[in-house]
Ligand SMILES: [Zn+2]
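In this note's numbering, the protein residues as written are 6 to 287.
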């Protein structure tokens, strides 16, 4: 089971960086302050230099060995994906509880989870404040780590994202079962509307958002009637539906396109990607 908690939030700053790494635009969220602007400008500058660096062999090896999404990309797309991974690794702290270090492989899998979601949308970004805490196993409501703990991950609206390392690794080793805790939790972070996860992704255009609202409850009802390819947890509420649908979109795209064509088209538009077409190319 995956849980979701909410809290207060300061509006995120949004940086747009072109494929070549040159900043093209900036907008600020609710904070809208000079501080946010300076922070965002520094983020750009760091990215500008970062994107010119080489990807280390170690990062590339983890992606090639463990990330099915990366394996299906063309060589050029793989370089772009690597840049997104490097940006995430440079901009977000990824550590265990009490800042204990985690393995490089785990850090790359965390960054890859976010990079998968952002791959087709240069204008979409995760809030820079997100840090990631990696617990070795699942945990309970008191954040006690339990081998049979019920919580695999949590997204907090003002950070951090918490992930079970075991669940993260399993998510990537079973890449077509529609369950990936990294994709799930970072999808929640794309769904922030002010302080709330409301189930309608915030970067969705108006017409698509209306179409999404018109479809969500019918799709949740299909899950409840066991007539959906989405796993049962997606019927919890609208926010969980979006996160679970995102997992299936990337891990079971052909099945979603066949059984839920409208849902597939909306997610294809939102994520700027067509994973079913990519999968069918082999
Ligand atoms: Zn969730």
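Backbone N, C-alpha and C define an ideal beta-carbon position, used for all residues, glycine too.
The model shown is predicted, which means the values in this text are computed figures rather than measured ones.
Verify the contact flag: residue i, CB atom, against every heavy atom of ligand 1, threshold strictly below 6 Å.
i	result
residue 245	yes
residue 143	no
residue 248	yes
Using 7 Å as the threshold, is the C-beta distance between residue i and residue j below it?
i	j	result
residue 273	residue 279	yes
residue 118	residue 187	yes
residue 252	residue 240	no
residue 144	residue 137	no
residue 121	residue 97	no
residue 260	residue 234	yes
residue 129	residue 208	yes
residue 262	residue 281	yes
Thinking C-alpha only, which one of the options is nearest residue i?
i	options	result
residue 219	208, 230, 229, 204	204
residue 83	97, 66, 200, 95	66
residue 168	128, 61, 107, 210	107
residue 113	275, 212, 210, 177	177
residue 3	99, 102, 75, 224	With the chain running from 6 to 287 in the structure shown, residue 3 is simply not present.
residue 90	131, 103, 101	131
residue 275	192, 183, 63, 226	192
Residue i to residue j, Cα distance in whole Å?
i	j	result
residue 258	residue 264	10 Å
residue 181	residue 171	17 Å
residue 93	residue 133	9 Å
residue 60	residue 123	18 Å
residue 213	residue 126	16 Å
residue 292	residue 141	In this structure the chain extends from 6 to 287, so residue 292 is not present and cannot be described.
residue 166	residue 190	7 Å
residue 101	residue 80	33 Å
(message) With three or more C-beta pairs closer than 8 Å as the rule, is the stretch 190-201 touching the stretch 247-266?
(response) yes
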